[in-house]
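Notes to accompany the following structure.
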Ligand SMILES: C[S@@+](CC[C@H](N)C(=O)[O-])C[C@H]1O[C@@H](n2cnc3c(N)ncnc32)[C@H](O)[C@@H]1O
């Protein structure tokens, strides 16, 4: 899938990196990220629900992906280690956050100084019923606004496909 490929590429992962998958669900992205960081790296797969995390833990075990660590987080904070993460991915989850400012702030604090944050989502609610260009602008504005309020401006927006867009801080 071109979108997934571009998304993973935009995280610029290297062997040995630590990558967090915030709102990982059953781990469709975590399972793809694990080989990118290889055995010396790790995937911090975080969610607020225990059930998908258990499913992912078993899935990782069965696929010998021993570099995936599951984290049961809070709705306001994914419980990531501070300043120790090379990249944070928030995929298809931003629209579910009840407190996006708190989660973005926590995610930025978890990043190393050269860390990357990628938020992937479908056109956010603000863009419903608008043209593609206006949707992108509205969604960028919403996420950028939230990030600035959390005092960590995002640097660019990457339109991935007709339905999805990613916001990068690199
Ligand atoms: C639509 S699923 C996306 C799962 C996965 N990222 C993917 O793209 O396949 C959204 C996930 O976000 C989780 N979630 C919702 N609010 C969250 C929060 N505040 N922190 C972490 N995860 C959250 C849900 O439990 C759910 O598993």
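Residue numbers (my numbering): 331 to 500.
Virtual Cβ for every residue (Gly too), placed ideally from N, Cα, C.
On a predicted model such as this, the values are computed, not experimentally measured, just so you know.
Could you pull out every residue in the same chain whose Cβ sits closer than 8 Å to the Cβ of residue i, ignoring the five residues on either side in sequence?
i	result
residue 372	348, 349, 397, 398, 399
So, for residue i: in the same chain, excluding its five sequence neighbours on each side, which residues have a beta-carbon less than 7 Å away from its beta-carbon?
i	result
residue 423	352, 353
residue 370	345, 346
Whose CA, out of the options, lies closest to the CA of residue i?
i	options	result
residue 473	431, 370, 402, 382	431
residue 410	392, 366, 375	375
residue 387	412, 358, 368	358
If we ignore side chains and look at the alpha-carbon of each, how far apart do residue i and residue j end up?
i	j	result
residue 341	residue 444	11 Å
residue 401	residue 355	11 Å
residue 365	residue 420	18 Å
residue 440	residue 449	15 Å
residue 362	residue 380	21 Å
Check the C-beta distance from residue i over to residue j and give it rounded, since I have them as a contact under 8 Å.
i	j	result
residue 377	residue 403	7 Å
residue 442	residue 414	7 Å
If the criterion is Cβ atoms closer than 8 Å, does the pair residue i and residue j meet it?
i	j	result
residue 418	residue 447	yes
residue 384	residue 405	no
Nearest chain B C-beta to residue i closer than 8 Å, yes or no?
i	result
residue 401	Considering every chain present, this structure includes no chain B. It has just one protein chain.
With a CB to CB cut of under 6 Å and the five nearest residues on each side skipped, what residues in its chain are close to residue i?
i	result
residue 382	355, 356
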